[in-house]
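Numbering (full-length UniProt numbering), first residue to last: 1 to 331.
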(Lines of atoms letter the chains of each structure in order from A and count residues from 1; the text may use other names and numbers.)
(Lines give C-alpha, C1' and ligand atoms only; values in the text may rest on other atoms or scores of the structure.)
Protein backbone atom coordinates (compact mmCIF):
# COMPACT_ATOMS: atom_id res chain seq x y z
CA UNK A 1 0.00 0.00 0.00
CA UNK A 2 2.96 2.34 0.50
CA UNK A 3 3.62 2.55 -3.21
CA UNK A 4 -0.02 3.47 -3.84
CA UNK A 5 0.07 6.16 -1.17
CA UNK A 6 3.28 7.56 -2.64
CA UNK A 7 1.70 7.76 -6.09
CA UNK A 8 -1.38 9.48 -4.75
CA UNK A 9 0.70 11.99 -2.80
CA UNK A 10 2.97 12.59 -5.80
CA UNK A 11 -0.03 13.18 -8.02
CA UNK A 12 -1.56 15.58 -5.51
CA UNK A 13 1.74 17.44 -5.20
CA UNK A 14 1.92 17.80 -8.97
CA UNK A 15 -1.59 19.25 -9.04
CA UNK A 16 -0.70 21.75 -6.32
CA UNK A 17 2.44 22.81 -8.21
CA UNK A 18 0.49 23.27 -11.44
CA UNK A 19 -2.22 25.25 -9.64
CA UNK A 20 0.34 27.43 -7.87
CA UNK A 21 2.19 28.11 -11.12
CA UNK A 22 -1.03 29.07 -12.88
CA UNK A 23 -1.94 31.36 -9.98
CA UNK A 24 1.35 33.26 -10.23
CA UNK A 25 0.91 33.55 -13.99
CA UNK A 26 -2.59 34.97 -13.65
CA UNK A 27 -1.59 37.41 -10.93
CA UNK A 28 1.10 38.95 -13.12
CA UNK A 29 -0.96 38.90 -16.34
CA UNK A 30 -3.40 41.48 -15.03
CA UNK A 31 -0.58 43.96 -14.34
CA UNK A 32 -0.16 44.76 -18.04
CA UNK A 33 -0.64 48.19 -19.59
CA UNK A 34 -3.58 49.23 -21.78
CA UNK A 35 -3.23 51.11 -25.05
CA UNK A 36 -5.62 53.97 -25.96
CA UNK A 37 -6.90 52.08 -29.00
CA UNK A 38 -7.80 48.96 -26.95
CA UNK A 39 -11.46 49.90 -26.43
CA UNK A 40 -14.83 49.18 -28.02
CA UNK A 41 -14.75 49.07 -31.81
CA UNK A 42 -18.51 48.77 -32.23
CA UNK A 43 -18.42 44.97 -32.26
CA UNK A 44 -20.09 44.27 -28.94
CA UNK A 45 -22.76 41.67 -28.25
CA UNK A 46 -25.27 40.77 -25.57
CA UNK A 47 -27.34 37.82 -24.50
CA UNK A 48 -31.09 38.30 -23.97
CA UNK A 49 -33.54 36.07 -22.13
CA UNK A 50 -36.26 34.14 -23.90
CA UNK A 51 -38.88 36.51 -22.51
CA UNK A 52 -38.50 38.60 -25.67
CA UNK A 53 -39.63 35.81 -27.99
CA UNK A 54 -42.20 34.14 -25.73
CA UNK A 55 -44.47 37.17 -25.48
CA UNK A 56 -43.56 38.10 -21.90
CA UNK A 57 -41.95 41.40 -22.94
CA UNK A 58 -43.81 44.23 -24.66
CA UNK A 59 -43.00 46.86 -27.26
CA UNK A 60 -42.64 49.37 -24.41
CA UNK A 61 -40.05 47.09 -22.77
CA UNK A 62 -38.17 47.02 -26.05
CA UNK A 63 -38.27 50.81 -26.26
CA UNK A 64 -36.65 50.91 -22.82
CA UNK A 65 -33.94 48.49 -23.99
CA UNK A 66 -33.08 50.34 -27.21
CA UNK A 67 -30.95 53.13 -25.68
CA UNK A 68 -28.61 50.57 -24.15
CA UNK A 69 -28.23 48.67 -27.40
CA UNK A 70 -27.29 51.87 -29.18
CA UNK A 71 -25.11 53.39 -26.47
CA UNK A 72 -23.34 50.08 -25.90
CA UNK A 73 -22.42 49.73 -29.58
CA UNK A 74 -24.04 46.31 -29.59
CA UNK A 75 -24.04 44.69 -33.01
CA UNK A 76 -25.15 41.16 -32.07
CA UNK A 77 -27.98 39.97 -29.84
CA UNK A 78 -28.18 36.35 -28.69
CA UNK A 79 -31.85 35.81 -27.82
CA UNK A 80 -32.59 32.58 -25.97
CA UNK A 81 -34.95 30.41 -27.98
CA UNK A 82 -34.69 27.41 -25.70
CA UNK A 83 -32.79 24.42 -24.41
CA UNK A 84 -32.35 21.48 -26.76
CA UNK A 85 -33.94 18.23 -25.69
CA UNK A 86 -31.64 15.21 -25.18
CA UNK A 87 -32.68 14.19 -28.70
CA UNK A 88 -31.39 17.48 -30.11
CA UNK A 89 -34.80 18.99 -30.80
CA UNK A 90 -36.05 22.49 -29.99
CA UNK A 91 -39.80 22.95 -29.53
CA UNK A 92 -40.89 25.93 -31.71
CA UNK A 93 -43.31 26.93 -28.95
CA UNK A 94 -40.31 28.24 -27.00
CA UNK A 95 -40.07 31.18 -29.39
CA UNK A 96 -43.66 31.46 -30.56
CA UNK A 97 -43.62 35.29 -30.56
CA UNK A 98 -40.22 35.65 -32.21
CA UNK A 99 -41.57 37.19 -35.41
CA UNK A 100 -43.07 40.06 -33.45
CA UNK A 101 -39.78 40.78 -31.68
CA UNK A 102 -37.83 40.48 -34.92
CA UNK A 103 -40.15 43.01 -36.55
CA UNK A 104 -39.29 45.48 -33.76
CA UNK A 105 -35.56 44.96 -34.21
CA UNK A 106 -35.78 45.25 -37.98
CA UNK A 107 -37.59 48.55 -37.65
CA UNK A 108 -35.44 50.11 -34.93
CA UNK A 109 -31.99 48.48 -35.21
CA UNK A 110 -31.74 46.94 -38.69
CA UNK A 111 -27.94 46.80 -38.59
CA UNK A 112 -27.90 44.59 -35.48
CA UNK A 113 -27.64 40.82 -36.06
CA UNK A 114 -30.29 39.05 -33.99
CA UNK A 115 -29.36 35.42 -33.42
CA UNK A 116 -31.38 32.63 -31.88
CA UNK A 117 -29.47 31.41 -28.82
CA UNK A 118 -29.77 27.61 -28.84
CA UNK A 119 -28.44 25.99 -25.66
CA UNK A 120 -27.74 22.51 -24.36
CA UNK A 121 -26.44 21.91 -20.85
CA UNK A 122 -25.68 18.29 -19.98
CA UNK A 123 -25.10 16.76 -16.57
CA UNK A 124 -22.25 14.47 -17.53
CA UNK A 125 -18.84 14.63 -19.17
CA UNK A 126 -18.35 13.81 -22.85
CA UNK A 127 -14.94 12.29 -22.14
CA UNK A 128 -16.08 8.70 -22.71
CA UNK A 129 -19.14 9.33 -24.90
CA UNK A 130 -19.63 11.98 -27.58
CA UNK A 131 -21.94 14.81 -26.60
CA UNK A 132 -24.11 14.17 -29.67
CA UNK A 133 -24.77 10.99 -31.62
CA UNK A 134 -25.01 11.33 -35.43
CA UNK A 135 -28.81 11.34 -35.13
CA UNK A 136 -28.72 14.06 -32.48
CA UNK A 137 -26.33 16.16 -34.58
CA UNK A 138 -28.75 16.04 -37.48
CA UNK A 139 -31.61 17.03 -35.17
CA UNK A 140 -29.65 19.99 -33.77
CA UNK A 141 -28.92 21.19 -37.30
CA UNK A 142 -32.60 20.93 -38.24
CA UNK A 143 -33.58 22.84 -35.10
CA UNK A 144 -31.08 25.57 -35.96
CA UNK A 145 -32.51 25.80 -39.47
CA UNK A 146 -36.02 26.21 -38.06
CA UNK A 147 -34.79 29.06 -35.86
CA UNK A 148 -33.17 30.75 -38.85
CA UNK A 149 -36.27 30.24 -40.99
CA UNK A 150 -38.32 32.09 -38.37
CA UNK A 151 -36.44 35.24 -39.33
CA UNK A 152 -33.37 35.30 -37.11
CA UNK A 153 -30.16 36.46 -38.77
CA UNK A 154 -28.49 33.29 -37.58
CA UNK A 155 -27.82 31.07 -34.59
CA UNK A 156 -25.75 31.30 -31.41
CA UNK A 157 -24.92 27.72 -30.35
CA UNK A 158 -23.99 27.15 -26.69
CA UNK A 159 -23.34 23.51 -25.73
CA UNK A 160 -21.63 22.40 -22.53
CA UNK A 161 -19.83 20.61 -21.13
CA UNK A 162 -17.83 19.26 -24.04
CA UNK A 163 -14.47 17.53 -23.73
CA UNK A 164 -11.56 18.61 -25.88
CA UNK A 165 -11.35 16.40 -28.99
CA UNK A 166 -15.00 15.34 -28.79
CA UNK A 167 -15.65 15.08 -32.56
CA UNK A 168 -19.40 15.57 -32.28
CA UNK A 169 -19.38 19.33 -31.65
CA UNK A 170 -17.25 20.36 -34.67
CA UNK A 171 -19.40 18.06 -36.80
CA UNK A 172 -22.57 19.59 -35.36
CA UNK A 173 -21.32 23.11 -36.09
CA UNK A 174 -20.53 22.08 -39.67
CA UNK A 175 -24.00 20.56 -40.07
CA UNK A 176 -25.62 23.72 -38.69
CA UNK A 177 -23.64 25.79 -41.19
CA UNK A 178 -24.89 23.66 -44.07
CA UNK A 179 -28.49 23.93 -42.88
CA UNK A 180 -28.59 27.71 -42.30
CA UNK A 181 -26.38 28.62 -45.27
CA UNK A 182 -23.29 30.74 -45.72
CA UNK A 183 -25.14 34.06 -45.57
CA UNK A 184 -26.47 33.45 -42.05
CA UNK A 185 -24.42 34.37 -38.99
CA UNK A 186 -23.17 31.43 -36.92
CA UNK A 187 -21.84 32.12 -33.45
CA UNK A 188 -20.43 29.39 -31.19
CA UNK A 189 -19.86 29.67 -27.47
CA UNK A 190 -16.60 28.02 -26.45
CA UNK A 191 -15.44 26.81 -23.08
CA UNK A 192 -12.53 28.56 -21.44
CA UNK A 193 -9.15 28.05 -23.11
CA UNK A 194 -6.67 26.15 -20.95
CA UNK A 195 -4.35 28.55 -19.15
CA UNK A 196 -1.25 26.45 -19.76
CA UNK A 197 -0.80 23.65 -22.27
CA UNK A 198 -1.91 20.40 -20.66
CA UNK A 199 -3.50 21.97 -17.58
CA UNK A 200 -7.01 20.83 -18.51
CA UNK A 201 -6.43 17.28 -17.22
CA UNK A 202 -5.12 18.32 -13.78
CA UNK A 203 -7.95 20.85 -13.63
CA UNK A 204 -10.47 18.10 -14.37
CA UNK A 205 -8.93 15.97 -11.62
CA UNK A 206 -9.26 18.81 -9.13
CA UNK A 207 -12.73 20.08 -10.02
CA UNK A 208 -14.28 16.93 -11.54
CA UNK A 209 -15.76 19.07 -14.29
CA UNK A 210 -15.01 19.93 -17.91
CA UNK A 211 -13.55 23.43 -17.70
CA UNK A 212 -11.02 23.97 -20.48
CA UNK A 213 -10.51 23.43 -24.17
CA UNK A 214 -7.16 23.24 -25.87
CA UNK A 215 -6.41 25.98 -28.39
CA UNK A 216 -6.39 23.35 -31.12
CA UNK A 217 -9.93 22.30 -30.27
CA UNK A 218 -11.12 25.91 -30.19
CA UNK A 219 -9.78 26.31 -33.71
CA UNK A 220 -11.41 23.09 -34.84
CA UNK A 221 -14.83 24.05 -33.45
CA UNK A 222 -14.61 27.53 -34.95
CA UNK A 223 -13.81 26.39 -38.49
CA UNK A 224 -17.36 26.98 -39.76
CA UNK A 225 -18.31 29.79 -37.35
CA UNK A 226 -18.35 33.53 -37.94
CA UNK A 227 -17.90 34.36 -34.26
CA UNK A 228 -16.55 32.55 -31.21
CA UNK A 229 -17.62 33.74 -27.77
CA UNK A 230 -15.47 33.07 -24.70
CA UNK A 231 -17.55 33.24 -21.51
CA UNK A 232 -16.58 35.62 -18.72
CA UNK A 233 -18.32 33.76 -15.91
CA UNK A 234 -17.85 30.40 -14.22
CA UNK A 235 -14.07 30.84 -14.01
CA UNK A 236 -13.78 29.71 -10.40
CA UNK A 237 -11.31 32.50 -9.64
CA UNK A 238 -11.45 33.59 -5.96
CA UNK A 239 -10.24 37.20 -6.37
CA UNK A 240 -10.68 39.99 -8.90
CA UNK A 241 -6.92 40.07 -9.55
CA UNK A 242 -6.86 36.39 -10.46
CA UNK A 243 -10.08 36.75 -12.46
CA UNK A 244 -8.55 39.63 -14.38
CA UNK A 245 -5.44 37.59 -15.12
CA UNK A 246 -7.61 34.65 -16.16
CA UNK A 247 -9.47 36.81 -18.67
CA UNK A 248 -6.25 38.38 -19.99
CA UNK A 249 -5.01 34.87 -20.66
CA UNK A 250 -8.26 33.99 -22.44
CA UNK A 251 -7.88 37.01 -24.69
CA UNK A 252 -4.24 36.40 -25.55
CA UNK A 253 -4.62 32.68 -26.20
CA UNK A 254 -7.74 33.02 -28.35
CA UNK A 255 -6.36 35.93 -30.38
CA UNK A 256 -3.24 33.90 -31.11
CA UNK A 257 -5.37 30.90 -32.08
CA UNK A 258 -8.01 32.52 -34.29
CA UNK A 259 -6.53 34.77 -36.94
CA UNK A 260 -8.14 38.04 -37.93
CA UNK A 261 -10.40 37.67 -40.93
CA UNK A 262 -11.28 34.06 -40.14
CA UNK A 263 -13.33 34.25 -36.95
CA UNK A 264 -14.39 37.24 -34.86
CA UNK A 265 -14.07 37.09 -31.08
CA UNK A 266 -16.34 38.18 -28.27
CA UNK A 267 -15.49 37.98 -24.57
CA UNK A 268 -18.19 37.65 -21.96
CA UNK A 269 -18.69 40.24 -19.23
CA UNK A 270 -20.88 38.93 -16.38
CA UNK A 271 -23.59 41.49 -15.60
CA UNK A 272 -26.35 39.19 -14.35
CA UNK A 273 -27.87 39.10 -10.88
CA UNK A 274 -30.39 36.25 -11.19
CA UNK A 275 -29.09 32.82 -10.13
CA UNK A 276 -30.55 31.11 -13.21
CA UNK A 277 -27.73 32.60 -15.31
CA UNK A 278 -24.93 31.27 -13.11
CA UNK A 279 -23.43 31.24 -9.66
CA UNK A 280 -22.82 34.57 -7.96
CA UNK A 281 -19.16 35.62 -7.76
CA UNK A 282 -17.72 38.75 -6.21
CA UNK A 283 -14.54 38.27 -8.24
CA UNK A 284 -16.25 38.17 -11.64
CA UNK A 285 -17.54 41.57 -12.70
CA UNK A 286 -17.97 43.79 -15.73
CA UNK A 287 -15.22 46.27 -14.87
CA UNK A 288 -12.53 43.65 -14.37
CA UNK A 289 -13.58 41.77 -17.51
CA UNK A 290 -13.42 44.96 -19.60
CA UNK A 291 -10.04 45.95 -18.19
CA UNK A 292 -8.70 42.44 -18.80
CA UNK A 293 -9.81 42.46 -22.44
CA UNK A 294 -8.08 45.82 -22.89
CA UNK A 295 -4.87 44.45 -21.36
CA UNK A 296 -5.02 41.33 -23.53
CA UNK A 297 -5.67 43.31 -26.70
CA UNK A 298 -2.82 45.71 -25.88
CA UNK A 299 -0.46 42.79 -25.39
CA UNK A 300 -1.48 41.13 -28.67
CA UNK A 301 -1.76 44.15 -30.97
CA UNK A 302 -4.46 46.00 -32.87
CA UNK A 303 -7.34 44.00 -34.30
CA UNK A 304 -10.80 45.20 -35.30
CA UNK A 305 -12.98 42.12 -34.81
CA UNK A 306 -12.98 41.95 -31.01
CA UNK A 307 -15.83 42.89 -28.69
CA UNK A 308 -17.35 42.40 -25.26
CA UNK A 309 -20.57 40.43 -24.77
CA UNK A 310 -22.79 41.34 -21.82
CA UNK A 311 -24.26 38.38 -19.99
CA UNK A 312 -27.22 39.09 -19.68
CA UNK A 313 -28.41 42.48 -21.04
CA UNK A 314 -31.95 42.42 -19.65
CA UNK A 315 -30.59 41.45 -16.22
CA UNK A 316 -27.96 44.21 -16.14
CA UNK A 317 -28.33 46.77 -13.37
CA UNK A 318 -27.60 50.48 -13.74
CA UNK A 319 -24.24 50.24 -11.95
CA UNK A 320 -22.98 47.44 -14.19
CA UNK A 321 -24.20 49.29 -17.27
CA UNK A 322 -22.39 52.47 -16.30
CA UNK A 323 -19.25 50.44 -15.64
CA UNK A 324 -19.52 48.81 -19.08
CA UNK A 325 -19.77 52.20 -20.76
CA UNK A 326 -17.10 53.91 -18.64
CA UNK A 327 -14.50 51.13 -18.83
CA UNK A 328 -15.05 49.83 -22.36
CA UNK A 329 -17.31 51.87 -24.65
CA UNK A 330 -16.05 55.32 -23.72
CA UNK A 331 -13.25 55.07 -21.13
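Even for Gly, the Cβ is constructed at its ideal location relative to N, Cα and C.
Leaving out the 5 sequence neighbours to the left and right, which residues in its chain are closer than 7 Å to residue 117 when beta-carbon positions are compared?
Excluding residues within five positions, the ones whose Cβ falls inside 7 Å are 47, 78, 79, 80, 81, 156, 158.
May I ask which residues mark the beginning and end of the alpha helix (DSSP H) holding residue 67?
Run containing residue 67: 59 to 71, per the alpha helix (DSSP H) assignment.
Go ahead and pull the three-state DSSP assignment for residue 254.
Residue state, collapsed to three classes: helix.
Whole angstroms is fine: what's the gap from residue 59's alpha carbon to residue 26's?
Distance between the alpha carbons of residue 59 and residue 26: 44 Å.
I'd like to know if the segment 51 to 71 and the segment 282 to 302 are in contact, where contact means that at least 3 CB-CB pairs between them fall below 8 Å.
Cβ pair count under 8 Å is below three, so no.
Please go through the same chain and pick out, in chain order, the residues whose beta-carbon is closer than 7 Å to the beta-carbon of residue 250, but skip the five residues on each side of it.
The answer, listed in chain order, is 192, 193, 230, 267.
Is residue 113 helix, strand or coil by DSSP?
In the structure shown, residue 113 sits in a strand (DSSP, three-state: E or B).
Could you pull out every unbroken beta strand (DSSP E) segment of at least 3 residues lying fully inside the segment 137 to 161, listed in chain order?
If we require 3 residues or more, the beta strand (DSSP E) runs fully inside the segment 137 to 161 come out as 154 to 160.
In whole angstroms, give me the CA-to-CA distance for residue 124 and residue 161.
About 8 Å.
Can you say whether residue 270 is buried or exposed, counting buried as having 16 or more other CB atoms within 10 angstroms of its CB?
Label assigned to residue 270: buried.
Of the residues 136, 234, 293, which one's Cα is nearest the Cα of residue 332?
Outside the shown range of the chain (1 to 331) lies residue 332, about which nothing can therefore be said.
If residue 76 sits next to residue 222, beta carbons under 8 Å apart, how far is it from one beta carbon to the other, in whole angstroms?
About 16 Å; that fails the 8 Å criterion.
Please name the residue or residues paired with residue 268 in a DSSP beta bridge.
DSSP, once it has assigned bridges, lists 309 as partnering residue 268.
Using 8 Å as the threshold, is the C-beta distance between residue 232 and residue 44 below it?
Going by C-beta atoms, residue 232 is not nearer than 8 Å to residue 44.
Are residue 166 and residue 130 close, meaning C-beta to C-beta below 8 Å?
The answer is yes: Cβ separation under 8 Å.
Check whether the segment 143 to 154 and the segment 104 to 116 are in contact - that is, three or more C-beta pairs closer than 8 Å.
Judged by Cβ distances under 8 Å, the segment 143 to 154 makes contact with the segment 104 to 116, as three or more pairs qualify.
Tell me where the beta strand (DSSP E) around residue 81 begins and ends.
Segment 74 to 83, the beta strand (DSSP E) holding residue 81.
In three-state terms, what does DSSP make of residue 338?
Nothing about residue 338 can be reported from this structure: the residues present for the chain run from 1 to 331 only.
Counting along the chain, where does the alpha helix (DSSP H) carrying residue 169 start and finish?
Note, residue 169: alpha helix (DSSP H), 168 to 180.
Alpha carbon to alpha carbon, what distance is there between residue 146 and residue 140?
Each residue's Cα considered, the two are about 10 Å apart.
Out of curiosity, what's the CA-to-CA distance linking residue 243 and residue 31?
If I take the Cα positions, the gap works out to 12 Å.
Just verifying my parser: in three-state terms, what is the DSSP assignment at residue 120?
DSSP places residue 120 in strand when its eight states are reduced to three.
Note down, in chain order, each residue of its chain lying with its Cβ closer than 6 Å to the Cβ of residue 255, except the 5 sequence neighbours on either side.
These residues qualify, in order along the chain: 300.
With DSSP as the reference, label residue 103 as helix, strand or coil.
The answer is helix: DSSP assigns residue 103 an H, G or I state.
Output yes or no for whether 8 Å exceeds the beta carbon distance between residue 88 and residue 324.
It is not a contact, given that the beta carbons lie outside the stated cut-off.
So what's residue 47 in DSSP terms, helix, strand or just coil?
Note: residue 47 maps to strand in three-state DSSP.
Can you name the residues that DSSP bridges to residue 212?
Answer by DSSP bridge pairing, in chain order: 192.
Measure the C-alpha to C-alpha separation of residue 68 and residue 49 and round it to an integer number of angstroms.
Looking at the two C-alpha atoms, the distance is approximately 15 Å.
Here's a check: name, in chain order, each residue in its chain whose Cβ is nearer than 6 Å to the Cβ of residue 321, leaving out the five neighbours to either side.
For residue 321, where only same-chain residues beyond five positions count, there are no Cβ hits under 6 Å.
I believe residue 272 touches residue 312 by the beta-carbon criterion, under 8 Å. Please report the beta-carbon distance rounded to the nearest angstrom.
Right, the Cβ-Cβ distance comes to about 5 Å (below 8 Å), so this counts as a contact.
Spatial neighbours of residue 239 within its chain, please: C-beta separation below 8 Å, excluding the five flanking residues on both sides.
Answer for residue 239: 283, listed in chain order.
Please list the terminal residues of the continuous beta strand (DSSP E) segment that includes residue 227.
From DSSP, the beta strand (DSSP E) with residue 227 extends over 227 to 230.
Looking only at its chain, what residues have a beta carbon closer than 6 Å to the beta carbon of residue 304, apart from the 5 residues adjacent to it on each side?
For residue 304, where only same-chain residues beyond five positions count, the Cβ hits under 6 Å are 41.
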